[in-house]
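If you use the numbering used here, the sequence shown corresponds to residues 13 to 123, in order. Each residue gets a CB set at the ideal place from its N, CA and C atoms; glycine is no exception.
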Amino acid sequence: MNSINLRTSSLDRCDRTDSWRSVVSTMIHNVEVGKLVPREFSAGISARRHDDISCGSFWSKPHELRGGRETVSESGSSGYLVSWQLEGNACVEQDGQQFVQKPGMVTIMDG
């Protein structure tokens, strides 16, 4: 079982965005991190992954997070990302569709 706890504030500012992209793509199947503003970006994640199952909790300053373009037939396995927005808004995109996820909303993205 892989587990990680990362706070970007513990990293050099120049390493924060690349480290965040790497951790998110490793711990959350088929999710892409889009635009980030390196000077202002900060985030944290605590997650565990066992085979195809991941469970995590994270917070971050605004940035883009997109479901990948992979299909079930291409991946060999499928999965879902369940996101419960606790505060702030998230712009969610998958398959060319976008919407704003507001506090209290739950989103399910297929992977």
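- Check the Cα spacing between Ser58 and each of Val49, Pro74, Arg51, Thr38: the tightest is with Thr38.
- Between Thr119 and Gln110, the C-beta spacing is not below 7 Å.
- The straight-line gap separating the alpha-carbon atoms of His62 and Leu48 is approximately 28 Å.
- When the Cα atoms are used, Cys103 and Leu23 turn out to be separated by approximately 26 Å.
- In the three-state reduction of the DSSP assignment, Arg28 falls in the helix class.
- Distance from the Cα of Asn101 is smallest, within the candidate group Pro50, Ser72, Asp107, Leu93, for Ser72.
- Looking at the backbone, the Cα of Asp27 and that of Ser95 are separated by about 26 Å.
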